[in-house]
Each structure stands twice: as structure tokens, then as C-alpha cells.
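Here's the structure, in C-alpha cells; my notes come after.
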Amino acid sequence: DESGGEAASVEHQPYAAEDTNRPPGRQFTLLTSERFLETFPLVVTEMATGRWVQTLTDYEQEMIQNANMSQSVVVADCQLVDQMGVDIELADGGGIIVQQVSSWQNREGGGYKAFLRYLVDLAASARYNHL
Numbered sequence: 199d200e201s202g203g204e205a206a207s208v209e210h211q212p213y214a215a216e217d218t219n220r221p222p223g224r225q226f227t228l229l230t231s232e233r234f235l236e237t238f239p240l241v242v243t244e245m246a247t248g249r250w251v252q253t254l255t256d257y258e259q260e261m262i263q264n265a266n267m268s269q270s271v272v273v274a275d276c277q278l279v280d281q282m283g284v285d286i287e288l289a290d291g292g293g294i295i296v297q298q299v300s301s302w303q304n305r306e307g308g309g310y311k312a313f314l315r316y317l318v319d320l321a322a323s324a325r326y327n328h329l
């Protein structure tokens, strides 16, 4: 620069979901259970619009930009995922179970003890590399 000083740092901002000038990135698709889609519609909306990126740290946002990934996520209902007992199935053999922490206090449904039994049974099935 003209002052002979250091170059100005550039702050990376996530692209707005409505930004049509955004360069296209690699599309990311999650296979999900129907229960996940019905129980967590706000989360699905955040993922589909790309607003979920706003919750990431600057470093994580930069990683997404450097990987040329689209910030919007395609969420697809998959009957097989419903049958396997997870909410989201990952390409690397992982599974994610999404729970509302308040459900762990529900004594009628067995609470956290029922969830832990369910998690142990699912892990014992060896269907997923990690949960």
C-alpha cells in the first residue's frame, strides 16, 4: 500500500443466503429421518437457507469458504435412515441422533436412562463407525 505499511487484513464474512452473486459451491446433502424433519423444522430451514453458517466461528467459516462448499445444505428424507434409528446419516459411516435435552427429564418416556439404553443398543449394532 502507499503508506509503506502492512497490507490491510480482509475480514471474511459468510455469504448471505439471498446473495445471487455468490459463486456456486459443492453441494452438501444430508440423509435424514422423517422424525428429524418433522421435529426440528427450524433446524432444517437454517440448513437449507445457509443461515447455519452464522453460528460458526470465523475459522470454521473460512474452512467452508476454502473448501468451496455451498452454505446451503440439501436435507433429504431417507426411509433407510428411519429404519436404522438415527436422525442424520453421514457419508463417513457416522450417525447423529438429535435429542431435545428436555426430553431426558421425561419420566414417562424413560428419560435419559432410556436414551442411554437406546444409544448402547445402536452402538452395539456396529452399523455406524461413530455416533
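For the sequence shown, the numbering used here assigns the number 199 to the initial residue and increments by one for each residue that follows.
Every residue gets a Cβ at the ideal spot worked out from N, C-alpha and C, and that includes glycine.
Of the listed residues the options, nearest to residue i (C-alpha basis)
i	options	result
R249	G283, V271, T230 and Q277	V271
M245	Q259, R233, T237 and L228	L228
Q168	Y326, E258, A324 and L235	Residue 168 cannot be examined here, being either before or after the span of the chain that is shown, 199 to 329.
Beta-carbon proximity of residue i to residue j, cut-off 7 Å
i	j	result
M267	F226	yes
A322	L329	no
Bridge-paired residues (DSSP) for residue i
i	result
T227	V272
G293	E287
M282	For M282, which the question treats as bridged, DSSP gives no partner whatsoever.
CA-to-CA distance, residue j to residue i, given in whole angstroms
i	j	result
R220	V251	Residue confidence is low: R220 scores 45 on pLDDT, short of 50, so the model does not pin down where it sits. Its coordinate-derived value is still stated next. Going from the Cα of R220 to the Cα of V251 covers about 14 Å.
Q297	T253	19 Å
R224	Q263	10 Å
D256	Q269	14 Å
L317	G291	16 Å
L288	I294	8 Å
G309	M282	21 Å
K311	S301	11 Å
R325	A265	29 Å
T247	P239	12 Å
N304	L314	14 Å
N327	E306	31 Å
R233	E258	28 Å
Supposed contact pair residue j and residue i - C-beta distance, whole angstroms, cut 8 Å
i	j	result
D285	S231	5 Å
V242	V273	5 Å
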